[in-house]
Amino acid sequence: MFFKTSIKQKGGVDYTHYRLCESYREGRFIRNRTLLSIGDLESKLPADKIGLLCKRINQVYHEGKTFVISSFRDERVEALCADYVGRLREAETAEKAIKRAAGIEEVYVDRTTNSHVREVGAEWLGLQACRQLLLPEYFESTGWDKESAGLAITQVISRAVYPASEYKTNRWLKENSALCELTGTGASTITKDKLYGMAHRLYREKNGLEHHLSTRTNDLFSLDDRILIFDLTNTYFEGRMNDSRLAKFGRSKEKRNDAKQVVLAAVVNREGFLKESQILRGNISDPESLRGILDKLKAHRGNHAKKQVVVMDAGISTEDNLKMLKSESFHYICVSRSKLKNYRVTNFPPVEIRDKSDQPIEIAQVEAEGETDSFYRVKSYTKGLKEASMENRFTAAYEQGLEQIAAALTKKGGTKKLEKVWERIGRLKEKYSSVNRLYDIQVESDEQGIYATSITWNKIGTDGVKKHGIYFLRASLPNFDEETIWTIYNTIREVESTFRCLKSDLSLRPVFHKTDDATMAHLHLGLLAYQLVSTIRFQLKQQGIGHEWKEIVRIMNTQKMVTTTLVNTDERRVSIRKCTAPEPKVRMIYDALGYEQKPFIRKKSVVPQKIPEKTDIQLIR
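Next comes the structure, spelled out in structure tokens:
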């Protein structure tokens, strides 16, 4: 601070007017502002003492140095200093009160800290999807208390954003995520045992939740269930599961024949929303699975005037299952379990469409003797190349196996007994059954018929190459054109996409639980999380955003919740809890969904803190 003077008149007499000022920086410029208008100072204090007064004001106001050795003390200077410092502080207090009333706090920038940083973007996305699906209202209507409903929603969102064990989820909620703040659930009260218990409680609500979510997504997006896709997948266990009625060895789609598994049967509509699900024993055959879920399929008829269409793959579409669907008034489209041999193409040339790789697919309706259903021959260029490549690999492996068996006949310690040789050939045929039909194998033996002496083989299949990429669709729908049938059947890609999301993005495999109840609760929780994911992704796809779920979570995790702590000029600690502004990619996702971009949590607290030594106080910068 310093004194600035100007000449003024009073009663026709000139006098020196004093102002107490300070300098401050504004961009590149140094500017001055008046703190206190003093007036005629020379009438109160000799001119040679004015510099000392300015020095003492700075010492007392900024440094708190009120003590002066008596030999250097000037009472007039000290009296004026006390007066002016008091007026400065009164003005400061009044200014602070005005600013505080306006929500303005002056703080020490250098003493500002950021802490308690938590991810919030993906969690906020999930919570808004829950609200879209009216999950809070569902829990309230079914008698759940507010605390339990909050924990349930917290757990479902956790499974979608951070799919992990209950132990890891508990740590994530406490250390990494702001989800509990959003849902109003006390993170400190959550334990892994509470999460286990909630997963089981949610599973007991399975039928009600699936019905609610199915109805809600139809209402929300104006959908119907005219077309339903039914398919199976499986997930395997890490562990023996000796006492399980569900975990069994079976045909593994994961190529994990060494591990027990359970089968997940799912019904989705053509938009990819889950309608129904069942958890079945691991050794159930594909055809058996349909009967158990048929009643649930019937529940989705609604008020449809026309029959619903069930889309299935070849593994489920046995003659018995197709008859059962007809008897229950369902239409179906499926891959024929057997290739037609005697058929006639009824339209020529075939209808040509393009797959996702822009490769041609030819579809032609055909007539087959003795068949009442409609059949369509499909010839796929891409599928033909894939099948030819697989056949080449399998034939090479098959012939290598035959060569190893033949070499053992002349090798010391090798398998030579005729019976054992045929056993090895039988195992090879079983392993490569798809190419076994292409070979004629001859085994020569000694006169006693005990030992094999030579093995020869000839490849006899020559017409198979022409049939690569050809299969037949079967439909009970009458008088439908080829392109429509293909479009309806191709909706099966939706359930395949569902399974990929469940397994990859939501970590549904492997299963580490040791009991059937825990296993079913775990899988059901994953299905609930998928409902959130599909709700979000469906809306994004409509806006041209086709990101996988993991990529959406990665983008959204750039938005954080942060506590900023500042110290104001009253030496009080001011803490503000606030969400960061969304990055452009995050904002684009919010805009596409029509969601709020911030949870708008602005928690402010002002806590007095111990006043430090005056020498520690810094100027506001």
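Mapping the sequence shown onto our numbering, position 468 (from 1) lands on 448, and the numbers just tick up by one.
No residue lacks a Cβ here, since even glycine has one placed at the ideal position from N, Cα and C.
Every value quoted in this text rests on a predicted model; they were computed, and no experiment measured them.
Identified DSSP bridge partners for residue i
{"i": "P340", "result": "R334"}
{"i": "T436", "result": "Q422"}
{"i": "K(-16)", "result": "R(-1)"}
{"i": "A179", "result": "Looking at the DSSP assignment, A179 forms no beta bridge with any residue, so it has no partner."}
{"i": "E347", "result": "R324"}
{"i": "S257", "result": "A246"}
{"i": "S157", "result": "E99"}
{"i": "C559", "result": "M541"}
{"i": "R357", "result": "A344, F452"}
{"i": "T215", "result": "V242"}
{"i": "Y431", "result": "K397"}
{"i": "T93", "result": "T545"}
{"i": "F210", "result": "V247"}
{"i": "V616", "result": "A question about residue 616 goes unanswered here, because the residues of the chain that appear run from -19 up to 601."}
{"i": "K228", "result": "Q241"}
{"i": "V289", "result": "I207, H311"}
Beta-carbon proximity check, residue i vs residue j, cutoff 8 angstroms
{"i": "M292", "j": "F210", "result": "yes"}
{"i": "I313", "j": "V346", "result": "no"}
{"i": "L274", "j": "E299", "result": "no"}
{"i": "P579", "j": "W104", "result": "yes"}
{"i": "T375", "j": "V423", "result": "no"}
{"i": "L193", "j": "L113", "result": "yes"}
{"i": "D54", "j": "L32", "result": "yes"}
{"i": "A344", "j": "V331", "result": "yes"}
{"i": "I525", "j": "I569", "result": "yes"}
{"i": "E367", "j": "H448", "result": "yes"}
{"i": "R373", "j": "I385", "result": "no"}
{"i": "I226", "j": "G262", "result": "Note on residue identity: the sequence assigns Leu, not Ile, to residue 226. Yes."}
{"i": "H504", "j": "K186", "result": "yes"}
{"i": "E161", "j": "M536", "result": "no"}
{"i": "T543", "j": "S95", "result": "yes"}
{"i": "G101", "j": "T495", "result": "no"}
{"i": "Y469", "j": "L254", "result": "no"}
{"i": "K306", "j": "S157", "result": "no"}
{"i": "T433", "j": "L389", "result": "yes"}
{"i": "T560", "j": "V242", "result": "no"}
{"i": "E99", "j": "T549", "result": "no"}
Separation of residue j from residue i, as counted between CA atoms
{"i": "Y(-2)", "j": "V554", "result": "37 angstroms"}
{"i": "R181", "j": "D173", "result": "12 angstroms"}
{"i": "V247", "j": "R357", "result": "26 angstroms"}
{"i": "S316", "j": "E127", "result": "52 angstroms"}
{"i": "A132", "j": "F310", "result": "36 angstroms"}
{"i": "R407", "j": "C481", "result": "36 angstroms"}
{"i": "H502", "j": "A179", "result": "7 angstroms"}
{"i": "R552", "j": "F9", "result": "32 angstroms"}
{"i": "I207", "j": "E190", "result": "18 angstroms"}
{"i": "T163", "j": "G130", "result": "6 angstroms"}
{"i": "I18", "j": "E2", "result": "14 angstroms"}
{"i": "L21", "j": "Y41", "result": "19 angstroms"}
{"i": "W529", "j": "V513", "result": "7 angstroms"}
{"i": "P116", "j": "S265", "result": "38 angstroms"}
{"i": "T326", "j": "D199", "result": "41 angstroms"}
{"i": "E70", "j": "L107", "result": "49 angstroms"}
{"i": "K602", "j": "L0", "result": "Coverage of the chain is limited to positions -19 through 601, which leaves residue 602 absent and any answer about it impossible."}
{"i": "R454", "j": "P329", "result": "20 angstroms"}
{"i": "S269", "j": "A140", "result": "27 angstroms"}
{"i": "A239", "j": "V491", "result": "11 angstroms"}
{"i": "A377", "j": "Y412", "result": "8 angstroms"}
{"i": "D(-6)", "j": "F47", "result": "37 angstroms"}
Collapsed DSSP secondary structure at residue i in the structure displayed
{"i": "F310", "result": "coil"}
{"i": "F686", "result": "Since the first residue of the chain shown is -19 and the last is 601, residue 686 is not available in this structure."}
{"i": "D443", "result": "With a pLDDT of 49 at D443, under the threshold of 50, the modelled position of that residue is not reliable, and no figure is offered here."}
{"i": "A572", "result": "helix"}
{"i": "R98", "result": "strand"}
{"i": "Q511", "result": "helix"}
{"i": "E84", "result": "Going by the sequence as given, residue 84 is Ile instead of Glu. In this structure, I84 counts as coil in the three-state DSSP scheme."}
{"i": "F52", "result": "helix"}
{"i": "D266", "result": "coil"}
{"i": "D63", "result": "helix"}
{"i": "F518", "result": "helix"}
{"i": "M221", "result": "coil"}
{"i": "K(-10)", "result": "strand"}
{"i": "K578", "result": "coil"}
Any chain C beta carbon closer than 8 angstroms to residue i
{"i": "N94", "result": "Absent from the structure: chain C. Only one protein chain is present."}
Worksheet entry | Sequence ranges, alpha helix (DSSP H) only - wholly within the segment 3 to 48, length at least 4 | 30 to 38
Fill in: Every unbroken beta strand (DSSP E) inside the segment 374 to 418 [3 residues or more]
none
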